[in-house]
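Below: one structure, written as C-alpha cells.
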Amino acid sequence: MRYEPNAREASGRSAGTEPWHDLYGQLVARDRRRMYRRRRIVALSVVLVAALVLGGGIFALTTYLGIENGIKRSQALNGGAGLDQDVNILLMGLDSRLDENGNALSQEEYDALHSGSSDDGGYNSNVLMLLHVPKDGSTATIISIPRDDYVDLAGAPDGVKQGKVKQAYGYAMDEAMNKLKANSQGKSDSEIYQQARDAGRKAEIETVQNFLNVKVDHFVEVTMAAFLSVAKAVAPITVCLQEATKDTYSGADFKAGVQQLNAQQAVAFVRQRRDTSGSGVSLTDLDRARRQQAFIASLATQLKQKGTFTDLGRIQGIIGALKDKMAVDQSLNLIDFGLKAKQLTDNKTKFVTLPIEDFGWSDTGESVNIVDKTAIQAQVAELLSPQPTSSAAAPQSTAQQAPAQQAPAQGSQKAPAQGSQKPPAQTTPAQPAPAQTQPAPSSTSSYDAGDWSSSLFGGGVPCVK
Numbered sequence: 001m002r003y004e005p006n007a008r009e010a011s012g013r014s015a016g017t018e019p020w021h022d023l024y025g026q027l028v029a030r031d032r033r034r035m036y037r038r039r040r041i042v043a044l045s046v047v048l049v050a051a052l053v054l055g056g057g058i059f060a061l062t063t064y065l066g067i068e069n070g071i072k073r074s075q076a077l078n079g080g081a082g083l084d085q086d087v088n089i090l091l092m093g094l095d096s097r098l099d100e101n102g103n104a105l106s107q108e109e110y111d112a113l114h115s116g117s118s119d120d121g122g123y124n125s126n127v128l129m130l131l132h133v134p135k136d137g138s139t140a141t142i143i144s145i146p147r148d149d150y151v152d153l154a155g156a157p158d159g160v161k162q163g164k165v166k167q168a169y170g171y172a173m174d175e176a177m178n179k180l181k182a183n184s185q186g187k188s189d190s191e192i193y194q195q196a197r198d199a200g201r202k203a204e205i206e207t208v209q210n211f212l213n214v215k216v217d218h219f220v221e222v223t224m225a226a227f228l229s230v231a232k233a234v235a236p237i238t239v240c241l242q243e244a245t246k247d248t249y250s251g252a253d254f255k256a257g258v259q260q261l262n263a264q265q266a267v268a269f270v271r272q273r274r275d276t277s278g279s280g281v282s283l284t285d286l287d288r289a290r291r292q293q294a295f296i297a298s299l300a301t302q303l304k305q306k307g308t309f310t311d312l313g314r315i316q317g318i319i320g321a322l323k324d325k326m327a328v329d330q331s332l333n334l335i336d337f338g339l340k341a342k343q344l345t346d347n348k349t350k351f352v353t354l355p356i357e358d359f360g361w362s363d364t365g366e367s368v369n370i371v372d373k374t375a376i377q378a379q380v381a382e383l384l385s386p387q388p389t390s391s392a393a394a395p396q397s398t399a400q401q402a403p404a405q406q407a408p409a410q411g412s413q414k415a416p417a418q419g420s421q422k423p424p425a426q427t428t429p430a431q432p433a434p435a436q437t438q439p440a441p442s443s444t445s446s447y448d449a450g451d452w453s454s455s456l457f458g459g460g461v462p463c464v465k
C-alpha cells in the first residue's frame, strides 16, 4: 500500500487548517484524474431499487401480478433471517452492460445510457448499500460503502488477497468461470455463467460481511440497464441542490434549489461527480453517493405521496423494467418484505456513508481509499444496535459518530504501521452534525442535508451539493 503524494503530510496538518479539508481536496484531485474514464451508470439502478423499496409495496405486488417468476433467484445465499427479526439486506449494483441472463441490451438502451456496448463494463459491484430493517419497525438505516475502500477480499479470488471492496465479485466470478469451463461436466454455457455469477455474489457478500462484521441476511442485485425505463415510469422527480452546477460528462445542468427532473435529468443527477462550469463548485465520488441517498429519500417520499403502489398499471411497468435485470436470494420473501417496507418512510430512514482515512495506491497501482476497519466495525455496530436511551435523536447521532473519531491509526486496512496520520479526517465536519440541527423533514418540505460525512434522514426532499 502506498499513500497518495503528500497525502500523509496533508492529513497531519493542524496549524490553522482542518485535516478534512485537505482530504477532500485530495479526493477532488483524484476524481479529476479519472475524468477520461468511461462513465458508468450502475449506481442508478441500485438507487431506484432502494427508493422503490422504501416507497413500500413494490415487491409485495410481484407475486400477485404474476411477475416474480421473471426475477432471478440466486443460490449464493440461503436461510437468511425472516422479517420478524432484525434484517440486513445488501444492495449490489454491477457495472455489467448485460442483463441477469447474460444477454445484450437493445441498442436503444445503450444509446440512451451512454454506456458503450455489451463489450464494455464488467462485474464490479460499483454500488454497495447495506439496508438494515429493525424488527420493531423503527428507523431503518442505509449504509453506503465507498466502492474504492481497500479491504481483504474473501477467499482471495484469482489469488488476489486485497483490493477494492467492489472487486470481490468480478475476481470470484472470473475464477469460477475458468474452473467451470475447464471441467464443465456437461453443463451448458448458461449454467456455467449462472454458477459463476453466484460465486461472484457469494464472494462479494462475504467480503462485506468480513469488512463490516455483520451478517448479511438477504441481497438484491441489479445491473445498470433498469434505470432509464424505471425513471420514465416514475418521473417527474423532485430534488433540491445547494448550488447551481453543470457537467459536460454527465450532462448535468441544474439550478440551485428545488426542481423537478425528467428521466434523463435524473440520470445526470445521480451520475454527476464533478463540475465543469468553472464556478468553483467541487464535487467528488462521495458527493455523488450523497446525491444517490438524497434521490432515494426524495423518490421514496414522492412515490408514497402519489399512491404509486396502488396504481397497478404503473407497477407493472416498473416491475417489467426490473425483472430481468435484478436477482435476489432464495429465501427473501418478497411479499413480506413489501409489507414491511411500508413502515420505512413513516420512520425517517437514516442514510450514512462509511468514513475514509486517506487515499493511496494498491500494489497494482490502482487508486484506493485507505480505511480503518476497526473503527468502521465499531461505527456499524453502533448504527445497527444503538444503545437504548430516552434522549432525543441528537445525542444518539453523536454517539454514532464517536467510533470514527476514536479510530486507532494502526487499525487501518493495510495502512503502514508507522502511519503518522491523525484520527479519521471526518472528525472535524462530523462534530457539527448538520443532520441534528436541521428541522425534522416533512413530506412537503426541503431541508439542508449537509455534506456526505453527516447523516441524512428521509421523509422529505434533502438539499445536497
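In terms of the working numbering, the sequence shown has 387 at position 387, counting the first letter as 1, and numbering is strictly consecutive. Cβ coordinates follow ideal geometry from the N, Cα and C atoms, glycine included.
| query | result |
| --- | --- |
| Going by the beta-carbon positions, is the gap between Leu212 and Val352 smaller than 8 Å? | no |
| Below 8 Å between beta carbons: does that hold for Leu153 and Ser125? | no |
| Which term fits Ser250, buried or exposed, when burial requires 16 or more other beta carbons within 10 angstroms of its beta carbon? | buried |
| Please state whether the Cβ-Cβ distance between Val208 and Ile296 is less than 8 Å. | no |
| Tell me whether the segment 287-296 and the segment 456-465 touch, counting them as touching only if at least three CB pairs, one residue from each stretch, are closer than 8 Å. | yes |
| Could you check the C-alpha separation between Ser367 and Gly163 for me, to the nearest Å? | 10 Å |
| So, helix, strand or coil for Asp275, using DSSP? | coil |
| Using 8 Å as the threshold, is the C-beta distance between Phe219 and Met129 below it? | no |
| What would DSSP say about Asn213, mapped onto helix, strand or coil? | coil |
| Please classify Ala417: does DSSP put it in a helix, a strand, or coil? | The predicted model places Ala417 with a pLDDT of 34, which falls under 50 and marks its position as unreliable, so this point remains unresolved. |
| So Lys169 is in the beta strand (DSSP E); what residue range does that whole segment cover? | Sequence inspection shows Tyr at residue 169; the Lys mentioned does not correspond to that position. Element bounds for Tyr169: not the beta strand (DSSP E) but the alpha helix (DSSP H), Ala168 to Ala182. |
| Taking C-alpha atoms, which residue in Leu383, Asp189 and Asp451 lies nearest to Pro134? | Leu383 |
| With a CB to CB cut of under 8 Å and the five nearest residues on each side skipped, what residues in its chain are close to Gly280? | none |
| Among Ala235, Ser362 and Arg288, which has the Cα closest to the Cα of Ala300? | Ala235 |
| If you drop the 5 nearest sequence neighbours on each side, which residues of the same chain put their C-beta closer than 6 Å to that of Ile237? | Leu261, Ala266 and Leu299 |
| Tell me which residue opens and which closes the beta strand (DSSP E) that Gln259 is part of. | Gly257 to Leu261 |
| Should Arg73 go down as buried or exposed, given a rule of 16 or more other Cβ atoms within 10 Å for buried? | exposed |
| Does the distance between the C-beta of Ala196 and the nearest non-hydrogen atom of the ligand ATP fall short of 7 Å? | Ligands are entirely absent from the displayed structure, and the ligand ATP is therefore not among its contents. |
| How would you call Asn88, buried or exposed, if buried means at least 16 neighbouring beta carbons within 10 angstroms? | buried |
| Identify which residue in Leu332, Thr349, Asp285 and Asn369 has its Cα closest to the Cα of Gly80. | Leu332 |
| What is the residue span of the beta strand (DSSP E) that Arg73 lies within? | Lys72 to Ser74 |
| In the DSSP assignment, what are the bridge partners of Ala327? | Lys72 and Glu221 |
| Just confirm the distance between the C-beta atoms of Ile142 and Met326, as a whole number of angstroms; I'd bet it's less than 8 Å. | About 18 Å; that fails the 8 Å criterion. |
| Where do the ends of the beta strand (DSSP E) carrying Leu468 lie? | A query on residue 468 cannot be resolved here, the shown segment of the chain reaching from 1 to 465 and no further. |
| Just mark Thr223 as buried or exposed, buried being the case when its beta carbon has 16 or more other beta carbons within 10 Å. | buried |
| If we count the other Cβ atoms within 10 Å of its Cβ and call it buried at 16 or more, is Gly200 buried or exposed? | buried |
| Taking the beta strand (DSSP E) that Thr353 falls in, what are its first and last residues? | Lys350 to Thr353 |
| What is the C-beta distance between Ile192 and Met173, in whole angstroms, given that I count them as a contact (C-beta under 8 Å)? | In fact, because the Cβ distance is near 11 Å, the residues do not count as touching under 8 Å. |
| Consult DSSP for Ala231 and reduce its assignment to one of helix, strand or coil. | helix |
| Give the range of the alpha helix (DSSP H) segment to which Ala289 is assigned. | Asp285 to Lys306 |
| Expressed to the nearest angstrom, what Euclidean distance is found between the alpha-carbon atoms of Lys187 and Gln194? | 11 Å |
| What are the residues that DSSP puts in a beta bridge with Asn333? | Paired residue(s): none; Asn333 is not in a bridge. |
| Would you decide whether Gln330 is buried or exposed? Buried here means 16 or more other CB atoms lie within 10 Å of its CB. | exposed |
| Let me know if Gln305 comes out buried or exposed under the rule of 16 or more other beta-carbons within 10 Å of its beta-carbon. | exposed |
| Taking the alpha carbon of Ala252 as the point to measure from, which residue in Lys232, Arg288 and Val230 has its own alpha carbon closest? | Arg288 |
| Relative to the C-alpha of Val258, which candidate in Gln264, Arg271, Ala244 and Ala268 has its C-alpha closest? | Ala244 |
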